[in-house]
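Trainee:
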Amino acid sequence: MVRGEVNGEDLHQNVERLYTRNNILQARRGTIYDRNGNPIAIDATSYKMIAVLTDEWSTPSRPQHIEDAQQVSQILSRHLAMSQEDIYNRLVMDNSQVEFGRAGSNLTFETMSSIKEDLQKEELTGITFEESRSRLYPNGTFASHTVGLAQTDSEDKNHLVGMMGLEKEYDDVLSGENGWRRYQRDRFGYVIPGQEIEEELPVHGEDINLTIDRRLQIFLESIVEEVNSEHSPEYITANLMNAKTGEILATSQRPTFNATTLEGIDHSWQNLLTEYTFEPGSTLKAMTLAASIAEGTFHPNDYFKSGRIQIGGGVVHDVRPEGWGTITHLEGLARSSNVSFIHQVEEMGLDTWKDYLDNFGFGQRTGISLAGEARGSIPFEWPLEKYNTSFGQGISVTPVQMLRAFSAITNEGVMVNPHVTETESSHNREDEFDVEAVNQDPVISKETAAQTLNYLKETVYGEGGTARNYDVEGFDIAAKTGTAQIYDPETGRYMTGESNYLYSVVGMAPADDPELIFYVTVQQPKMNGTITHGSQAVQKIFNPVMKRALEYYSAGKQNTDDTQEYDEEIVSFIDEDTQEMKREFDEAGQVYSVIGTGDRIVQQHPNQGAYEDKSRRILLLTNGAMTLPDLTGWSRNELIRFAEMTGVDLTIDGEGFVVEQDTPTGSFIETGTEIMVQLSSNLD
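Residue numbers (our numbering): 1342 to 2025.
1) What residue range does the alpha helix (DSSP H) around residue 1456 cover?
2) Count Cβ pairs between the segment 1660-1678 and the segment 1639-1648 that sit closer than 8 angstroms; are there 3 or more?
3) By Cβ distance below 6 angstroms, which residues in the same chain neighbour residue 1592 in space, the five residues on each side in sequence not counted?
4) Just the C-alpha distance for residue 2026 and residue 1916, rounded to the nearest angstrom, thanks.
5) Just to confirm before moving on: does the CB-CB distance between residue 1573 and residue 1546 stay below 7 angstroms?
6) Please name the residue, chosen from 1494, 1982 and 1466, that lies closest to residue 1390 on a Cα-to-Cα basis.
7) Mind checking residue 1694: buried by the 16 CB within 10 Å criterion, or exposed?
8) If we count Cβ pairs, one from each stretch, closer than 8 angstroms, do we get three or more for the segment 1504-1516 versus the segment 1405-1415?
9) Rounded to the nearest angstrom, what separates residue 1699 and residue 1763 at their Cα positions?
10) Would residue 1987 and residue 1967 qualify as a contact pair, given that the criterion is a beta-carbon distance under 7 angstroms?
11) With residue 1736 and residue 1719 assumed to form a contact (beta carbons below 8 angstroms), what rounded beta-carbon distance in angstroms separates them?
12) Excluding sequence positions up to five away, which residues of its chain have a Cβ less than 7 angstroms from the Cβ of residue 2011?
13) To the nearest angstrom, how far is the alpha carbon of residue 1683 from that of residue 1731?
14) Given 8 angstroms as the limit, is there contact between the segment 1970-1989 and the segment 1595-1607, that is, 3 or more CB pairs closer than that?
15) Between which residues of its own chain and residue 1753 is the CB-CB distance below 6 angstroms, once the five residues before and five after are set aside?
16) Exposed or buried, residue 1800, counting other C-beta atoms within 10 Å across all chains shown (16 or more means buried)?
17) Which of the three DSSP states is assigned to residue 1589 in this structure?
18) Quick test of your reading: residue 1959 and residue 1945, contact by CB under 8 angstroms. State the CB separation rounded to the nearest angstrom.
19) Hey, would you say the C-beta of residue 1675 is under 6 angstroms away from at least one heavy atom of the ligand PLP?
20) Taking the alpha carbon of residue 1674 as the point to measure from, which residue in 1687, 1713, 1705 and 1629 has its own alpha carbon closest?
21) What's the C-alpha gap between residue 2000 and residue 1793?
22) What is the DSSP secondary structure of residue 1567, counted as helix, strand or coil?
23) In three-state DSSP terms, what is residue 1975?
24) Suppose contacts are defined by Cβ-Cβ distances below 7 angstroms. Is residue 1511 in contact with residue 1382 by that definition?
25) Just how far apart, CA to CA, sit residue 1926 and residue 1919?
26) Assuming residue 1844 and residue 1813 are in contact, meaning their beta carbons sit under 8 angstroms apart, how far apart are those beta carbons, in whole angstroms?
27) Using the beta-carbon count (16 or more within 10 Å), is residue 1975 buried or exposed?
28) Note down, in chain order, each residue of its chain lying with its Cβ closer than 7 angstroms to the Cβ of residue 1654, except the 5 sequence neighbours on either side.
29) Assign residue 1436 to one of two classes, buried (16 or more other C-beta atoms within 10 Å of its C-beta) or exposed (fewer than that).
30) What whole-angstrom Cβ distance do residue 1434 and residue 1394 have, given they're in contact under 8 angstroms?
31) Need the endpoints of the alpha helix (DSSP H) that residue 1746 sits in, please.
32) Which residue comes first and which comes last in the alpha helix (DSSP H) that contains residue 1682?
33) Counting C-beta neighbours from all protein chains within 10 Å, is the total for residue 1922 16 or more, i.e. buried, or is it exposed?
34) Under the three-state reduction of DSSP, which class applies to residue 1798: helix, strand or coil?
35) Find out if the Cβ-Cβ distance for the pair residue 1664, residue 1677 is shorter than 7 angstroms.
36) Using 7 angstroms as the threshold, is the C-beta distance between residue 1882 and residue 1861 below it?
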């Protein structure tokens, strides 16, 4: 027998394991901020409640289990979205311990502390809490596919892993490295005094600053959601970019999800900004026009016969097959004549046109730091398909590629890389994305870019211009609209029908020296009586958002002598005292509703930065168990916001305002709770 061993076991090592404690020192995951320092994604600690039912770990002087299930259930029902009866039934189960599902999970520190305090007052035992880390997204639906998600690792509840978006792409940067602490303790578990404690401090994750402007993002999300609710399109993309730098200031899509409640997460994991490929239609004519001006083949005052043209073994039609007679090419631009652009490409030559498509970056990734970026494609084999690319048919693009190409027109001929993080240049991801660098040489000359912008104003201000309804008061706009056919892979043909098109617009403003590019697409919106053409759904997004953005970013750069007064912006109510907020709103005459029993506000709608309107209902979610407010008089949009915030399964019947709800006011609710409401336009 070796000295210090018994039955082959090292006694020294056993003692070392028995009396040595190793603690993991958790690294903080980096915070994601907007361009102005507002937190978009932050670390938080959450708690799961567990009830100990067995007396196996108790002593007569120190009970650890539930002794009075009736009284404990009564106290817990004040804090959880469960009835006292349901809680009691769990507390008397024949188990060693029980959990409480979603109602007892992801509890805030405030809720956990309140439960502990109430139990201690009554000297009740048996309730414990398991701490874990979580990721908090205080803005809910907020560029969700771009910001992404970080969730708890299935193998380590104290480790967050990026699952999608920037959270995934920058997971190594945000995560940091855990530290550790090692020390000796006595047989009673106490730290032995005077010892040298070994430790290695954690390296916290790096923070990331986004280019996104929280004010504009919140406003964009609210407008996009209204259009989505009213017209139920298949897809919406809306992307606002700084025309000079490529900074994406706001980005939204539908379908999307609420990062707080995860409502909608199963609808689509695809980031439409980078992964959605489609035929753009006539918005691509902005690049065709630039190429034609550069090659000297755009003759604005020359005449041509509109309507149809035989070319490449086929026939190309204008949107109006009979055409507008013999018109100038400038009028052809304003009316978005396909025939006009066929003439331009035919004169410059198909090989030259293909070079421009390549130089504008189509068929190539932009290299934006978002996983899964698609390349798109440029089918260029048969004569007719080559000509069709001149008006955006047959070619496949992504929204981020279109933004990059448009930037050549707004940036004196030089394309800029679209990006969503201010630190993007310090993280080389070319090996992951196989990025083809943007040619920093001008794609077109400075003079060509300026002339292109000047001609694109014709679509907004010229007689018969397709973008006349996109005029923004106080600012000159250069724009191009698009109505693209949608290819159906099942039939091998383009879809037919009233709204089976992708409607789009790009606006660049102020037109003489653009600071902003706003590109919006709406695919297959429903015509529900409020619109007669799909482009009107696009206008509902473009006009208010572009106006707001120009007011923010072009203040003092336009001749705006007419002073306008705007409503004040809503401030943050997060972490404010619930009762104090109620008093302030009552005194101000503000319409509001409180969801929950807590003493602190943890979420609000509208978010900070939205414009204040006393007739607009403010929703306040507290840190206590969620409770159902009185929904009488609520509008459909308010109900949708409520469902997004809470995750309830809401069924809405009728039109108008709420007159009846099937679940009583004050009832406890949780994510997935089914609620039906009846609307009527005749609300007394």
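Think of the CB as a built atom: it goes at the ideal place given N, C-alpha and C, for glycine as much as any other residue.
A quick note: this is a predicted structure, and the numbers were derived from the prediction, not measured.
Mentor: Looking at the atomic coordinates:
1) By 1-based counting over the sequence shown, the position of residue 1456 is 115. Residues 1450-1462.
2) Cβ pair count under 8 angstroms is three or more, so yes.
3) Residue mapping note: residue 1592 aligns to position 251 of the sequence shown, counting from 1. Taken in chain order, the residues that qualify are 1484, 1487, 1580 and 1614.
4) There is simply no residue 2026 to check, as the chain begins at 1342 and stops at 2025 in what is shown.
5) Walking along the sequence shown from the start, residue 1573 turns up at place 232. Walking along the sequence shown from the start, residue 1546 turns up at place 205. Not a contact, by the Cβ cut-off of 7 angstroms.
6) For the purposes of this step, residue 1390 is identified with residue 49 of the sequence shown, where counting begins at 1. Taking only the C-alpha atoms, the option nearest residue 1390 is 1466.
7) The sequence position of residue 1694 within the sequence shown is 353, counting from 1. So residue 1694 counts as buried.
8) no
9) Here residue 1699 is taken as the residue at index 358 of the sequence shown, counted from 1. Here residue 1763 is taken as the residue at index 422 of the sequence shown, counted from 1. C-alpha separation (whole angstroms): 27 angstroms.
10) Stepping through the sequence shown from its first residue, residue 1987 is reached at position 646. Stepping through the sequence shown from its first residue, residue 1967 is reached at position 626. Cβ distance < 7 angstroms, so residue 1987 and residue 1967 count as in contact.
11) The sequence position of residue 1736 within the sequence shown is 395, counting from 1. The sequence position of residue 1719 within the sequence shown is 378, counting from 1. The Cβ separation is near 5 angstroms, so the contact holds.
12) Taking the first residue of the sequence shown as position 1, residue 2011 is located at position 670. 1422, 1443, 1444 and 1967.
13) Locating residue 1683 in the sequence shown gives position 342, counting from the first residue. Locating residue 1731 in the sequence shown gives position 390, counting from the first residue. About 7 angstroms.
14) yes
15) Your numbering for residue 1753 matches position 412 in the sequence shown. So the qualifying residues of the chain are 1787 and 1790.
16) For the purposes of this step, residue 1800 is identified with residue 459 of the sequence shown, where counting begins at 1. So residue 1800 ends up on the buried side.
17) If you number the sequence shown from 1, residue 1589 lands on position 248. Of the three classes helix, strand and coil, the one that applies to residue 1589 here is strand, per DSSP.
18) The count along the sequence shown starts at 1 and reaches residue 1959 at position 618. The count along the sequence shown starts at 1 and reaches residue 1945 at position 604. The pair is a contact, with the Cβ atoms about 7 angstroms apart (cut-off 8 angstroms).
19) Of the ligands one can find in the structure shown there are none, so the ligand PLP has no counterpart to examine.
20) Stepping through the sequence shown from its first residue, residue 1674 is reached at position 333. Cα-wise, what sits closest to residue 1674 is 1629.
21) Here residue 2000 refers to the residue found at position 659 when the sequence shown is read from its first residue. Here residue 1793 refers to the residue found at position 452 when the sequence shown is read from its first residue. Taking C-alpha positions only, residue 2000 is separated from residue 1793 by approximately 55 angstroms.
22) Residue mapping note: residue 1567 aligns to position 226 of the sequence shown, counting from 1. Helix.
23) If you number the sequence shown from 1, residue 1975 lands on position 634. Under the three-state reduction of DSSP, residue 1975 is assigned to coil, being neither helix nor strand.
24) Position 170 of the sequence shown holds residue 1511. Position 41 of the sequence shown holds residue 1382. Cβ atoms of residue 1511 and residue 1382: not closer than 7 angstroms.
25) The residue labelled residue 1926 in the question sits at position 585 within the sequence shown. The residue labelled residue 1919 in the question sits at position 578 within the sequence shown. Taking the straight line from one Cα to the other gives about 11 angstroms.
26) Position 503 of the sequence shown, counting from 1, holds the residue named residue 1844. Position 472 of the sequence shown, counting from 1, holds the residue named residue 1813. Contact doesn't hold; Cβ gap of about 18 angstroms is too wide.
27) Position 634 of the sequence shown, counting from 1, holds the residue named residue 1975. Burial call: buried.
28) Counted from its first residue, the sequence shown places residue 1654 at position 313. Answer for residue 1654: 1724 and 1725, listed in chain order.
29) Your numbering for residue 1436 matches position 95 in the sequence shown. Exposed, since its Cβ has fewer than 16 Cβ neighbours within 10 Å.
30) What you label residue 1434 is simply residue 93 of the sequence shown in a count that begins at 1. What you label residue 1394 is simply residue 53 of the sequence shown in a count that begins at 1. Yes, residue 1434 and residue 1394 are in contact; Cβ-Cβ is about 7 angstroms, under 8 angstroms.
31) Within the sequence shown, numbered from 1, the residue matching residue 1746 stands at position 405. Per DSSP, the continuous alpha helix (DSSP H) segment holding residue 1746 begins and ends at 1740-1751.
32) What you label residue 1682 is simply residue 341 of the sequence shown in a count that begins at 1. Where residue 1682 is concerned, the enclosing alpha helix (DSSP H) stretches over 1679-1689.
33) Sequence index remark: in the sequence shown, residue 1922 carries index 581 (1-based). Buried, by the Cβ-count rule.
34) Against the sequence shown, residue 1798 aligns to sequence position 457. Coil.
35) Working through the sequence shown from its first residue, we reach residue 1664 at position 323. Working through the sequence shown from its first residue, we reach residue 1677 at position 336. No, they are not a contact pair.
36) As a position in the sequence shown, residue 1882 is number 541, starting the count at 1. As a position in the sequence shown, residue 1861 is number 520, starting the count at 1. For residue 1882 and residue 1861, yes; Cβs fall inside 7 angstroms.
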